[in-house]
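Number of protein chains: 4
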Amino acid sequence: MRKVYSLQIQYPEQTREFNSRLTKTGRRSLSHSISQSSTDSNSSGDSDTENLEDEVSPRDMLQINSKGNRDFCVKNIKLADYGRREIELAEDEMIALMTLRKSAQGEKPLAGAKIVGCTHVTAQTAVLLETLMVLGAQCRWAACNIYSTQDEVAAALAEQDFPVFAWKGESEDDFWWCIDHCVNVEDWEPNMILDDGGDMTHWIYKKYPHLFKKVKGIVEESITGIHRLHHLNKAGKLCVPAINVNDSVTKQKFDNLYCCRESILDSLKKTADVMFGGKQVAICGYGEVGKGCSAALKAMGSVVYVTEIDPICALQACMDGLRLAKLGDVVSQVDIVITCTGNKNVVVREHMDLMKNGCIVCNMGRSNTEIDVTSLRTPELAWQHVRAKVDHIIWPDGKRIVLLAEGRVLNLSSSTVPICVLSITATAQALALIELFNAPEGRYKQDVYLLPKKLDEYVASLHLQTFDAHLTELTDDQAKYMGLNKYGPFKPSFYRY
Amino acid sequence: MRKVYSLQIQYPEQTREFNSRLTKTGRRSLSHSISQSSTDSNSSGDSDTENLEDEVSPRDMLQINSKGNRDFCVKNIKLADYGRREIELAEDEMIALMTLRKSAQGEKPLAGAKIVGCTHVTAQTAVLLETLMVLGAQCRWAACNIYSTQDEVAAALAEQDFPVFAWKGESEDDFWWCIDHCVNVEDWEPNMILDDGGDMTHWIYKKYPHLFKKVKGIVEESITGIHRLHHLNKAGKLCVPAINVNDSVTKQKFDNLYCCRESILDSLKKTADVMFGGKQVAICGYGEVGKGCSAALKAMGSVVYVTEIDPICALQACMDGLRLAKLGDVVSQVDIVITCTGNKNVVVREHMDLMKNGCIVCNMGRSNTEIDVTSLRTPELAWQHVRAKVDHIIWPDGKRIVLLAEGRVLNLSSSTVPICVLSITATAQALALIELFNAPEGRYKQDVYLLPKKLDEYVASLHLQTFDAHLTELTDDQAKYMGLNKYGPFKPSFYRY
Amino acid sequence: MRKVYSLQIQYPEQTREFNSRLTKTGRRSLSHSISQSSTDSNSSGDSDTENLEDEVSPRDMLQINSKGNRDFCVKNIKLADYGRREIELAEDEMIALMTLRKSAQGEKPLAGAKIVGCTHVTAQTAVLLETLMVLGAQCRWAACNIYSTQDEVAAALAEQDFPVFAWKGESEDDFWWCIDHCVNVEDWEPNMILDDGGDMTHWIYKKYPHLFKKVKGIVEESITGIHRLHHLNKAGKLCVPAINVNDSVTKQKFDNLYCCRESILDSLKKTADVMFGGKQVAICGYGEVGKGCSAALKAMGSVVYVTEIDPICALQACMDGLRLAKLGDVVSQVDIVITCTGNKNVVVREHMDLMKNGCIVCNMGRSNTEIDVTSLRTPELAWQHVRAKVDHIIWPDGKRIVLLAEGRVLNLSSSTVPICVLSITATAQALALIELFNAPEGRYKQDVYLLPKKLDEYVASLHLQTFDAHLTELTDDQAKYMGLNKYGPFKPSFYRY
Amino acid sequence: MRKVYSLQIQYPEQTREFNSRLTKTGRRSLSHSISQSSTDSNSSGDSDTENLEDEVSPRDMLQINSKGNRDFCVKNIKLADYGRREIELAEDEMIALMTLRKSAQGEKPLAGAKIVGCTHVTAQTAVLLETLMVLGAQCRWAACNIYSTQDEVAAALAEQDFPVFAWKGESEDDFWWCIDHCVNVEDWEPNMILDDGGDMTHWIYKKYPHLFKKVKGIVEESITGIHRLHHLNKAGKLCVPAINVNDSVTKQKFDNLYCCRESILDSLKKTADVMFGGKQVAICGYGEVGKGCSAALKAMGSVVYVTEIDPICALQACMDGLRLAKLGDVVSQVDIVITCTGNKNVVVREHMDLMKNGCIVCNMGRSNTEIDVTSLRTPELAWQHVRAKVDHIIWPDGKRIVLLAEGRVLNLSSSTVPICVLSITATAQALALIELFNAPEGRYKQDVYLLPKKLDEYVASLHLQTFDAHLTELTDDQAKYMGLNKYGPFKPSFYRY
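Residue numbers (numbering that gives the first Met the number 0), protein chains in the order written: chain E, 0 to 496; chain A, 0 to 496; chain H, 0 to 496; chain Z, 0 to 496.
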């Protein structure tokens, strides 16, 4: 990880974006892809970068596939067979995309689309990319993260003549070189952008702004990318429509509420190996993440206290059977403190001074600022690294607190992104591309749009088969009575689900 | 209840409104007020109207209180002492309003306000009305429902010189006469309207439209009233701002999700006296009501199947551990069917023909159309009235299904509105009145507004003390970091809670 | 109820038994039978005894059925048709007995059995009695409770020539007269006894001890009856084997854990009409009843504190996510206190002095001694009867606590016995009779036995069909591997379930 | 692991014991101790035995501690400091033992006790051993498992002059040599035995039977050891009393119900990385293990089906809201199958042929026979080892099922024994030793006893402080009313908890 931070020093104007781009899904996809390609899903990611420096850069290798095609750049084209098997396994899991592929392949809704993309390059992404091709698109692709590429998957794509420029362990320079090779091509101009973090968009703005004349739209997946688009928009510089797939209902509920409900348990077991029954837990924040964590721990027999600043969420916590308290009032009695606020300095030194021996402290929110870890780096406190992601901070009187992941977001490093979240995201990306590419003139202006509710509902419906779930269809009569289109959208935009 | 329906025939232009005005809270408040004044909370409401016809109308009685004041019309002023005790008990329960009263009484934010109101006249309402007065308002009041008035409470208000015109068992003519006596007064013109169902607003539009020149705003509580206001607005006839307190987050979550979670159990026990453990239940619809019912029944050991038309809600049901099915596929195996869709003909004869012996069918949605009860009124089926709210429908082969409340909304008649819902509503009404009365010129136009989020949050915060809940306050630093005002609002408008 | 207590004075030697005979199931069956025969299941039982004194005693009436048979004594033989319908409805619910009836009717395992019984005489009992007859038995029957008889059911039995001696509102003298008419018959001597409370057994011991020579065994259902049998046994006077059906696993788990899980909610709603969400509740005792109450309230969003004396149960409470506290430490903050200990003075005046305004106090245990109600009958406290089962006790400073059922067991009076408990009990009684009647010489000695585990398992298996539950059968190979008989029993006697 | 099996061949008479000695806790303690001493708790245990053969045997090393003492045999005495830190950390977690140490150290209840022990030698055990010494005992110790010793802990004990003979990677010969060195000592004869697996007991019976004359009792922890004692007892050869601490309530509930509730989630995440929400799961067996697994998965949003042979447990599953089915009827629709029966061939090839693509199969029961893995070793099925504990079995049509831990007990290898289980066991062992050593003549005969309920309750009470749980004490009056001793035992022996 050190590499990333040093990059920030070299390119100061990129610092903030590069740092914050390591958002929830980004980092977790990273560890997920690693688990896929390794023999042990629990191996620590700490040593991933070992020995990378010694190797010959793919840019200096001969790149040619079995058909003689050279328009790609990957680590080792010989990994193609292994990568193909990984992709085939992923196809089994990405049922929604495979269904979409089948149902729309005759129609070819992306015929004529020329998509440049910059996302994680994993087996799951490969299923998306090959779906886009089946639907008629031409694509060129780079990685959005210098560590997250599954080299065997990139090889498998390249072997199929898919122009992919990505490998695990890119340098900063490699990173932009790959992006540039997607865009800067003779006789080929993209008309759609699929981005995760906004770097592809940024690069085109900076180097090839003329390309935007033909671009029909941008689909952006990450929070960071969305912020950058909003920033552009505010500055009046957004010149094409963009769809934000990050804030769709399906994505939000899955990535936050439902996934955190599971990953908090997983993460705590893998790091602190704690028994939940009878434990007293303080959960700071009762948004979707806090609701997920609370539900899981309560279900496992913990006694949960919640802290909140928002009285509405606070009232929900009460109705859900949780005691609402100020952290200072319960911190001396709890066994675990979990931050889920998105705020900073939620747990400060004063709180940690009050904690009892053995108290576990961790962060499930979005930043690394929720726990004031800096306040623990003082001479009177001893740090003891116990195992991966686990440090003991030892007070002069011998009291220890157990700090997980050094206060960084716990489940990003200690749990994996469930396939269903990846599948929901990929499906939403495909549908958003189709929507923007085919939308009649005037439907979308130069603005950032949420995924239209009808598409959000379609994403959901494509995932129901996984659960052997059978949807009811409105009769004509019922649809009329409700004033609804029989095929949706079924709810007003402000509906809270 | 027959009376209400006959009224619809006499006043055809009022029919729809009068019928639909018996909305969720409306009808439930009715039974709640009855339970308050009777010795048995479980007595059936069926006989409430008995003997009402024989009595002398309050309009023909001498109306005078102990101070000589005659500006009111109630059933029996002598009930004032009893009513005062009821109000005092209600004050214990309406802690939010009492807190508001205390905190704002110095300020008198309603000084100068002249409010005409038309709501249920119950002990809880009385606490609201006396709060409005403490805050500086002058008021005149009528009942929004011909049966729901607690006569002793009306008497207690009248004894305190509060101009109230309301009694239990009004005729249709009485109903409008009472409303008229609130508005049509010499030397007094209202400048605020608090309405529940829209009848007061309707009457002023029809009879005294000139009064709207001075009216600063309307606060409306019911779905029906909101519909009528939107109708006016669309027609370009809404000439003052209106605040919709029905769709506030606090109201919606409490009245639907949390209350239904409890009232489904209560209602089923009181009517069908069924054991929940091990029962198979089909719940049609997974909105807030369906979510509440499912959570409760699952928690009590039932096996729950959900039907949905909306794939997003369907996916939520899956993630919540419920099997999503079509009704036709499970109806022959379930023990209970509960409709929560708001739609019509959700359970039809074909389904009921498939049900097994003893299957219970009921409706927790918003209309009486979800179960096609008409289809059961055929010669080959025998109806057996077993007890209040319970009918057996007997098939030729002896199979019985148990129909509750004749397919009308079950918890309206078989459960009571929890005090906290009444309290939340009343507090929101008071805050909305204060907001509209004090808003600077231009903040509100001639439109229907949701309760501003900040007020919604304030309503919530006033109810936290009931739960001994302690809210955390943002530090200045944290507020800045989050880009929030330290005192809210804390969430964007589209936040889903 | 006053009547019962006065009886105790007249027959001092019976006092204890008569009083304690009003055990859990006994009293609840009473209210259940009432609900069956009335039009409103929620009517208070308070007025049941009204006008009973005025009527002509059945003993003085002409008793003759349509076939000319006179060997019975009921209130009104003309009610037979109505009673038959009640029995038919009950047959739908008593599926286990009906299955037993079908499967064993060819075999007639009770051919030659002459059973005298003394139980509640309700529709459910009638299904048992007619099952015994189908299986070959002759029976004579009396009621075990002076108020619990459903007269229409007794009439229906009598109309079928079943010798039943029972009516609602018997005097103490009637009670023993009825029992005597079952036993003291010319040319007929019982060889089996089915008892609920031990009065039949007691009467035979006292008046006709010689009959025991032919009696093959006693089946006893109630705690009181079991105590009396153990007493006899200790004194060396038990001269036949007896089976205790009260302590079977099926009975205990259903009557305590599962039923209390439901009836606590039902009872609190019906009496105090309280919302559970966010309420703080102290539950005293974490046995089966406390576990059931806690599970239900936690599931409905209450915050639950548990008090315990037994550290093992205390540890279970911890692991189930409940805070274990002393009552004195939490009593000032909770909204509801529920006793489930079986002990006395668990909630004392000192506790109640600390309670906050509006706190609800009730008892779900087995006695009326858990709450020290006597300590509340002091001059400085005012009692206000609010509605059936609800009293407000008012402190000098205006604080009120809400006492339910005057401290008597809450769900006995405010909830009904679920059919499945009645069905489990009745099935166990039938199987126990068959077992004792057919047991080879020497299998049972003069002692009190638990229901053999194999029969307990059979009772359970007969109830599985209600839940559409499909049991797996051991293969021969598996049975051998486990060292089990393929058809049970499947567990050692000490198994904890 | 191969080593163990080869040992069985060399010493056939030991085969069964050696194999079955790898019982639940045994094997799990093993992985737990590894996680303690490694830097990553998730490292696979597969490579533990690497390189062990090359090393010099501790038996051939010079064994001497800093004080010159030579009466021990460990891998490396220099690890003592590190081991001491491990023990100190364990002391923080073994609060019950530390409390016992404090409360009984004045009394020295084990003064005069000479204990030989054979258990896992881990930091937690060290806390037990040093507690025994504080309480007055002399001890000599060997390891009960050839791989489970934490060498640094053994070193720390040796450094304190504790005669310990144990190292990680003992040979079979070493194993018995160590045991022998505990027993076969000049001028020292043991009078108590603490055993885990029965090997120490076995050795003394075989080699030094005369020692039993002075032995006051045996405390045995494992199922295997208990079986061996019962076997001896049946054969009339048990010549001292023994206490079975394995079947105490505290142990059983914690090790099965509560731990499995957590470890099933942990194990499935670590191996199959599956999302639980919406998954359909078949759980075979509804004993304590099945109840724990079901509760956890239901709570996490899975739809759970249960299979059972015992109708009582089946009825419990129904009341807990789970569908009871035969495996064959649901196996084609479920996503996960978990066996918890203790039986064999519960999942057979026929079931696996019906499973859908991606179905996960695993075993949480006690043996490796529940899933018929042998039936999968046929030519038409391909096995693909995906990662540690995960194999894909691939059908000719491409269908894969995911087999975890090759059908061996999943949580033994993929989860750790919670400290609380270790603590409960160690506390029970200490109390059992004290009880046997101090029991008055005649209290215990030559038989195998359960831990007396009073001690079981005491074990529980010593663990309550971990949960900040406050027990209520009976008043004298209450104790008398209940017929209980004020300090327990509080329940009859057959109480089901």
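Glycine residues also receive a C-beta, built at the ideal position from the N, C-alpha and C atoms. Computed from a predicted model, the values in this text were never measured in an experiment.
message = Checking 7 Å against the spacing of the C-beta atoms, do Gly277/A and Phe466/H come in under that value?
response = yes
task = Please go through the same chain and pick out, in chain order, the residues whose beta-carbon is closer than 8 Å to the beta-carbon of Phe275/A, but skip the five residues on each side of it.
result = Leu264, Leu267, Leu296, Met299, Gly300 and Ser301
query = What's the C-alpha gap between Cys317/E and His384/E?
reply = 38 Å
message = Would you say Glu188/E lies against chain A (beta-carbon separation less than 7 Å)?
response = no
task = Compile a chain-ordered list of the residues in the region 337-355 of chain Z whose CB is closer than 8 Å to at least one CB of chain E.
result = none
ask   = Tell me the DSSP bridge mates of Met191/H?
value = Ile114/H and Gly216/H
ask   = With 7 Å set as the bound, which would you pick, yes or no: does the beta-carbon of Asp319/E sit closer than that to a beta-carbon of chain H?
value = yes
request  = Report the option in Tyr496/E, Asp455/E and Ala429/E whose CA atom is closest to the CA atom of Val133/E.
outcome  = Ala429/E
query = Hey, does Arg399/Z have any beta-carbon neighbour from chain A nearer than 7 Å?
reply = no
ask   = In three-state DSSP terms, what is Asn50/E?
value = With a pLDDT of 49 at Asn50/E, under the threshold of 50, the modelled position of this residue cannot be trusted; read the value that follows with caution. Asn50/E falls in the coil class under three-state DSSP.
message = Spatial neighbours of Gly364/A within its chain, please: C-beta separation below 6 Å, excluding the five flanking residues on both sides.
response = Thr338, Cys339, Thr340 and Gly341
message = I want to verify the contact list: residues of chain Z whose CB lies under 7 Å from the CB of Leu264/E, in sequence order.
response = Leu264
key: Residues sharing a beta bridge with His391/Z, DSSP   = Gln383/Z and Val401/Z
query = When DSSP labels each residue in this structure, what does Phe493/E get in the three-state scheme?
reply = coil
inquiry  = Going by C-alpha to C-alpha distance, which of Leu470/Z, Leu78/Z and Ala324/Z sits closest to Tyr285/Z?
reply    = Ala324/Z
query = When DSSP labels each residue in this structure, what does Tyr81/Z get in the three-state scheme?
reply = helix
ask   = Does the distance from the C-beta atom of Leu450/Z to that of Val244/Z stay below 7 Å?
value = yes
Thr377/H versus Ile359/H, Ile393/H and Glu185/H, residue with shortest Cα-Cα distance = Ile393/H
request  = Report the three-state DSSP secondary structure of Asn356/H (helix, strand or coil).
outcome  = coil
message = Closest to Glu129/Z by C-alpha separation, out of Val346/Z, Lys453/Z, Ile359/Z and Phe161/Z, would be which residue?
response = Phe161/Z
query = Does the region 219-232 of chain A come within contact of the region 177-184 of chain A, defined as at least 3 CB pairs closer than 8 Å?
reply = no
inquiry  = Along the chain, where does the beta strand (DSSP E) containing Val447/A start, and where does it finish?
reply    = Val447 to Leu449
inquiry  = Strictly below 7 Å CB to CB, what residues from chain A border Pro310/E?
reply    = Glu456, Ala459, Ser460, Leu463 and Leu470
query = For Arg227/Z, which of Thr148/Z, Arg58/Z and Trp202/Z has the nearest alpha-carbon?
reply = Trp202/Z
query = Mind checking if Thr306/A is an interface residue toward chain E, Cβ cutoff 7 Å exclusive?
reply = yes
Cβ neighbours of Cys312/A in the same chain (closer than 6 Å, five flanking residues each side left out) = Tyr285
ask   = Opposite Tyr304/H in the DSSP bridges: which residues?
value = Ala281/H and Arg322/H
message = I need the straight-line Cα distance from Ser30/A to Lys388/H, nearest angstrom please.
response = Residue confidence is low: Ser30/A scores 31 on pLDDT, short of 50, so the model does not pin down where it sits. No coordinate-derived value is stated.
inquiry  = For chain E, check one thing: does any of its Cβ atoms lie closer than 7 Å to the Cβ of Val302/H?
reply    = yes
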